[in-house]
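Some notes on the structure that comes next.
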Amino acid sequence: MMNKRTLIILEVIWIVIGVFCIAAAIHNKINSGGERFLILLGMGILSFVMAYIRDRQRKKK
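So, in structure tokens, the structure goes:
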């Protein structure tokens, strides 16, 4: 089983990845016309969902 500190670290990592993916999606939309906008946006949303799941796991323990 993972301890609480590990779950917090994983949660923060997922949030950081999500922020970077959303920022990259916006940057791609502005500079390149959005060739990879939806992929990056989807990855960002998925990262926030994973952070939410980790948050729920941490709060259950």
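Per my numbering, the sequence shown starts with residue -3, numbered consecutively. The C-beta atom is built at its ideal place from N, Cα and C for all residues, glycine as well.
Problem set entry | Boundaries of the alpha helix (DSSP H) in which residue 27 is found, first to last residue | As a working note, residue 27 is residue 31 in the sequence shown. From DSSP, the alpha helix (DSSP H) with residue 27 extends over 0 to 28.
Exercise. Can you tell me whether DSSP reads residue 32 as helix, strand or coil?
Worked result: Stepping through the sequence shown from its first residue, residue 32 is reached at position 36. Residue state, collapsed to three classes: coil.
For this session: Using a threshold of 9 angstroms, state whether the C-beta atoms of residue 13 and residue 37 are closer than that.
Result: Start at 1 with the first residue of the sequence shown, and residue 13 comes out as number 17. Start at 1 with the first residue of the sequence shown, and residue 37 comes out as number 41. With contacts defined as CB atoms closer than 9 angstroms, residue 13 and residue 37 fail to qualify as a contacting pair.
Exercise. From residue 44 to residue 28, what distance separates their C-alpha atoms?
Worked result: As a working mapping, residue 44 is identified with position 48 in the sequence shown. As a working mapping, residue 28 is identified with position 32 in the sequence shown. Cα to Cα, residue 44 sits roughly 25 angstroms from residue 28.
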